[in-house]
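Participant: Input: one structure, supplied below.
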Amino acid sequence: MTRSFMGLRSVIAGAALIAAAASWAVEAAADIKIGSVLAVTGRASFLGDPEDKTLKMYVDQINAAGGLLGQKIQLIVYDSAGDAEKARTFATRLIEEDGIIAMVGGSSTGETMAMLPLFEEAKIPFISLAGGIVIIEPVKPYVFKTPHTDRMACQKIYADMTARGISKIGLISGSGGFEKSMRAECMNVAKASGIEILADETYGPQDNDMTPQLTNIRNTAGIQAVLNPGFGQGPAIVTANYKQLGITVPLYQSHGVASRKYIELAGDASEGVRLPASALLIAENLPDDDPQKPVVVSYKQAFETKWNEPVSTFGGHAYDGLFILVEAIKRANSLEPSKIRDEIENTKGFMGTAGLVNMSPSDHLGLDLTAFRMLEIIKGDWTLVK
Amino acid sequence: MSEFLQFSFSGITVGAVYAMVALGFTIIYNASDVINFAQGEFVMLGGMCTVFLAAAGIPMPLAALLAVIITAGVGAALNKLAIEQARDASVVNLIIITIGVSVFLRGIAQVIFDKQLHRLPAFSGEQPIMIGGAALLPQSLWVLGGAGLLVVTLYHFFRRTLIGKAILAVAQNRLAARLVGINIGMVMLSSFALSAAIGALAGILITPITLTSYDVGTMLALKGFAAAMLGGMGNPVGAVVGGLLLGIAEAMGAGYISSDYKDAVAFLIILAVLFFLPQGLLGARHRERV
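Protein chains in written order, with my numbering: chain W, 70 to 455; chain A, 5 to 294.
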């Protein structure tokens with residue numbers, strides 16, 4: 070009795086499943102499937118969470134306004150929790166099972182690099198939201214990215230230092246992927262930018278005190294400024310320790326901490342710190358004739374109204390990625406991945422939250438140094454350095 | 005000289021954090037031989053609850069007190085719902101249960117609180133105390149003082165109070181303790197609640213230095229565990245000594261050798277100690293009773 074009952078139940082369940090799958094397939098066939106793998110939870114969630122929210126918000130908006138090429142967009146987001154291995158598994162699923170035509174995602178450089186070969190092989194365009202320059206250098210036909218690179222951040226910082234008459238600096242960087250990559254880039258371009266790095270210290274991702282490293286930097290003769298490539302808690306602690314030790318030379322942070330959270334975590338110690346960041350951070354304070362102002366103000370207001378939390382540059386990267394893709398699909402007037410790829414590469418004069426994008430076959434990022442704004446923290450708020 | 009002093013201060017600051025976390029391991033270990041890997045999550049809960057209660061407008065001291073009480077409740081619930089259900093399981097199984105609880109608590113914290121980093125203001129200002137050209141944050145003294153106070157309290161707790169003695173008795177011999185009328189369930193319950201409260205207190209004291217988020221517990225528990233092993237598992241004084249040694253080793257390693265290898269320096273010391281003194285520096289030498 071029991072056995073036959075169980076049998077009956079599983080038959081019903083199976084039938085229901087098949088029915089569900091069939092109806093899903095019919096519904097899905099009419100949709101434009103865009104995939105995304107983001108670090109929505111975990112240590113890099115401050116990247117993935119706003120990216121996820123941004124993509125969902127704008128896909129809903131596009132669909133409400135009639136969709137794209139007359140079809141609805143179906144956004145499929147998987148949470149990698151910042152794990153490159155998981156990201157790769159999800160990317161395989163997106164390509165093989167979900168059948169996406171393009172991908173906007175990859176919160177960190179590690180995840181992006183793990184997923185990238187799959188997209189190259191499947192010939193599906195992949196717009197990454199991660200910072201590392203290795204993503205687009207050398208150029209890979211199907212891979213693009215929207216955020217500034219760490220090399221550009223270094224160059225922007227060095228330009229500001231040179232303008233202030235600084236040429237000898239100390240470097241203190243975290244040992245995570247982002248920090249390591251930016252440290253390497255800053256070392257690479259230092260000479261060409263006329264900057265000499267006299268001290269080079271590191272700290273671990275969970276370290277609670279960086280005073281020994283900063284003491285060594287302080288005691289190095291001739292240091293005129295200190296640069297801290299890092300993100301997460303490290304830079305906040307470095308900033309606090311910097312003040313604790315009473316170091317008076319200017320402190321530069323990277324775009325990795327370009328969010329209000331950093332000011333909140335570092336408190337008063339962040340006063341006078343400079344960092345390169347996208348225009349989004351000071352959207353309302355931009356001069357009215359700034360061509361980027363309308364874009365960043367509208368994104369900022371839309372995000373903050375919808376999610377009731379401060380906008381971050383990382384969500385902005387997702388905005389840029391999605392709309393570069395949407396524009397490319399419109400221009401291609403086709404859902405053929407290779408045609409979409411060609412049109413992404415043809416992106417010209419696209420104004421995003423990161424700046425003006427002009428892509429080319431040899432440049433799959435398309436931003437220049439003007440995309441970065443140099444900011445200084447004054448009275449707990451961002452101020453544009455003139 | 006001033007740099008040596010600065011490295012020492014850094015070591016003391018970090019070491020005091022490790023010591024606070026290490027202290028939390030003591031009671032549960034003493035009561036049940038279980039190393040509670042959810043101890044780091046108690047530390048996290050202490051910090052996060054205080055941050056969120058304070059943000060809700062509750063004055064800091066009250067928020068801190070509430071955080072300790074809530075976390076103690078979580079500790080008691082952990083014992084009631086997970087450990088007690090498996091009371092006949094081996095110690096290894098119980099330890100694995102605590103790992104599961106730690107993952108569970110981290111997940112819950114992610115949902116109830118958020119995924120952001122948070123900080124608490126330092127208790128007595130951020131103005132560093134200058135000694136011989138080196139700067140020490142007053143908060144480090146709070147952490148150190150807290151650790152010292154806890155050691156004294158725990159010492160008296162185990163020696164002078166009935167429940168403290170009962171915990172020790174249960175640790176020595178469960179069956180014998182039961183035979184002389186000690187309520188084992190009660191002992192376990194109070195040891196988990198107390199450990200959780202100590203963890204929460206640690207979390208509140210260290211948050212102005214370390215910052216906090218739902219996932220700070222893992223690394224803190226690992227370092228605290230290493231400190232406790234170094235000093236001698238189960239010995240409160242050992243926990244503090246181990247924590248400070250570990251912190252100072254890291255700071256000296258970062259300052260004098262290379263910041264890249266500072267963790268290696270610390271772990272080399274732990275390996276060496278455990279090689280030659282498997283019970284830790286101050287751990288009880290193994291005694292065979294007849």
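Every residue gets a Cβ at the ideal spot worked out from N, C-alpha and C, and that includes glycine.
For A151 of chain A, collect the residues of the same chain with a Cβ closer than 7 Å to its Cβ; drop the 5 residues on either side in sequence, then sort them by chain order.
Facilitator: Within the same chain, A151 of chain A has close Cβ partners A20, A23, M24, L27 and V244.
Participant: Taking C-beta to C-beta, are L344 of chain W and L121 of chain A nearer than 7 Å?
Facilitator: Not closer than 7 Å, so no.
Participant: Would a check of beta-carbon distances place R91 of chain A closer than 7 Å to chain W?
Facilitator: No, R91 of chain A does not count as interfacial toward chain W.
Participant: Look up L144 of chain W in the DSSP assignment and say whether it is helix, strand or coil.
Facilitator: L144 of chain W falls in the strand class under three-state DSSP.
Participant: Please go through the same chain and pick out, in chain order, the residues whose beta-carbon is closer than 7 Å to the beta-carbon of I446 of chain W, but skip the five residues on each side of it.
Facilitator: These residues qualify, in order along the chain: I332, S339, E340, G341 and V342.
Participant: Restricting to runs no shorter than 3 residues, where is the beta strand (DSSP E) found entirely within the segment 127-171 of chain W?
Facilitator: DSSP runs (the beta strand (DSSP E)) wholly in the segment 127-171 of chain W: 141-148.
Participant: Quick check on S457 of chain W: does DSSP put it in helix, strand or coil?
Facilitator: Past the edges of chain W, shown from 70 to 455, lies residue 457 of chain W, and the structure says nothing about it.
Participant: For Q10 of chain A, is the classification buried or exposed, using 16 other Cβ atoms within 10 angstroms of its Cβ as the cut-off for buried?
Facilitator: Its Cβ being crowded by 16 or more others within 10 Å, Q10 of chain A is buried.
Participant: Quick one: residues in its chain with C-beta nearer than 6 Å to the C-beta of R410 of chain W, no 5 flanking neighbours on either side, listed in chain order?
Facilitator: Cβ neighbours of R410 of chain W beyond the five flanking positions: P194 and Y211.
Participant: With a threshold of 7 Å between beta carbons, is P132 of chain A in contact with chain W?
Facilitator: Output row for P132 of chain A: interface = yes.
Participant: Just mark I142 of chain W as buried or exposed, buried being the case when its beta carbon has 16 or more other beta carbons within 10 Å.
Facilitator: I142 of chain W comes out buried.
Participant: Tell me, to the nearest whole angstrom, how far the beta carbon of A86 of chain A is from that of V105 of chain A; I am working on the premise that it is less than 8 Å.
Facilitator: A86 of chain A to V105 of chain A, Cβ: 6 Å. Contact.
Participant: How about F115 of chain W and I413 of chain W: are their beta carbons less than 7 Å apart?
Facilitator: No, they are not a contact pair.
Participant: Under 9 Å between beta-carbons, which chain A residues line up against L314 of chain W? List them in chain order, please.
Facilitator: Those within 9 Å of L314 of chain W in chain A are Q10, P132, A138 and A139.
Participant: Determine the direct distance from the alpha carbon of T284 of chain W to that of I135 of chain A, and round the result to whole angstroms.
Facilitator: About 15 Å.
Participant: Can you check whether the C-beta of S328 of chain W is within less than 7 Å of a C-beta belonging to chain A?
Facilitator: Not closer than 7 Å to any Cβ of chain A, the Cβ of S328 of chain W fails to qualify, so no.
Participant: Between A:I261, A:L172 and A:V38, which has its C-alpha nearest V191 of chain A's C-alpha?
Facilitator: If we check each option's Cα against that of V191 of chain A, A:L172 comes out closest.
Participant: Alpha helix (DSSP H) containing R329 of chain W: first to last residue?
Facilitator: From DSSP, the alpha helix (DSSP H) with R329 of chain W extends over R329 to A335.
Participant: Tell me whether N40 of chain A is buried or exposed, calling it buried when 16 or more other Cβ atoms sit within 10 Å of its Cβ.
Facilitator: Buried, because 16 or more other Cβ atoms sit within 10 Å of the Cβ of N40 of chain A.
Participant: Flag this pair as yes or no: are the beta carbons of F46 of chain A and A204 of chain A separated by less than 7 Å?
Facilitator: Cβ atoms of F46 of chain A and A204 of chain A: closer than 7 Å.
Participant: Using only the alpha-carbon positions, how far apart do G449 of chain W and A305 of chain W sit?
Facilitator: Cα to Cα, the separation comes out at about 14 Å.
Participant: According to DSSP, simplified to helix, strand and coil, what is T382 of chain W?
Facilitator: The answer is helix: DSSP assigns T382 of chain W an H, G or I state.
Participant: Following a CB-centred definition, is T271 of chain W positioned closer than 6 Å to any heavy atom of the ligand MG?
Facilitator: The ligand MG is not part of this structure, which contains no ligands at all.
Participant: I'd like to know whether the C-beta of D37 of chain A is nearer than 7 Å to at least one C-beta of chain W.
Facilitator: Judged by the 7 Å Cβ criterion, D37 of chain A is not in contact with chain W.
Participant: What is the residue span of the alpha helix (DSSP H) that L296 of chain W lies within?
Facilitator: From DSSP, L296 of chain W is part of no alpha helix (DSSP H) but of the beta strand (DSSP E) over A294 to N297.
Participant: Does the CB of D229 of chain W have a neighbour CB from chain A at under 7 Å?
Facilitator: Closer than 7 Å: no.
Participant: Helix, strand or coil, according to DSSP, for P63 of chain A in the structure here?
Facilitator: Here P63 of chain A sits in coil by DSSP.
Participant: Does the beta carbon of D152 of chain W come closer than 7 Å to any beta carbon on chain A?
Facilitator: No, its Cβ sits nowhere closer than 7 Å to a Cβ of chain A.
Participant: For the alpha helix (DSSP H) holding K214 of chain W, just list the boundary residues, first then last.
Facilitator: No alpha helix (DSSP H) holds K214 of chain W; the beta strand (DSSP E) holding it covers V212 to K214.
Participant: On the three-state DSSP scale, how would you describe S199 of chain A?
Facilitator: Looking at S199 of chain A - three-state DSSP - the assignment turns out to be helix.
Participant: For the alpha helix (DSSP H) containing Q302 of chain W, list its first residue and its last residue.
Facilitator: Start and end: Q302 to Q313.
Participant: Which stretch, first to last residue, makes up the alpha helix (DSSP H) that contains S242 of chain W?
Facilitator: From DSSP, S242 of chain W is part of no alpha helix (DSSP H) but of the beta strand (DSSP E) over K237 to G243.
Participant: Which residue comes first and which comes last in the beta strand (DSSP E) that contains L344 of chain W?
Facilitator: Where L344 of chain W is concerned, the enclosing beta strand (DSSP E) stretches over R343 to A346.
Participant: With distances taken between CB atoms, is the gap from G291 of chain W to A268 of chain W smaller than 7 Å?
Facilitator: Their beta carbons are not under 7 Å apart, which means G291 of chain W does not touch A268 of chain W by this criterion.
Participant: For R442 of chain W, count neighbouring Cβ atoms within 10 angstroms of its own Cβ and tell me buried if that reaches 16, exposed if not.
Facilitator: R442 of chain W should be labelled buried.
Participant: Short of 8 Å in beta carbon distance, which residues of its chain neighbour A94 of chain W, apart from the five on each side in sequence? Order them along the chain.
Facilitator: The predicted position of A94 of chain W is uncertain, since its pLDDT is 45 and thus under 50; a value taken from the coordinates is nonetheless stated next. Answer for A94 of chain W: no residue qualifies.
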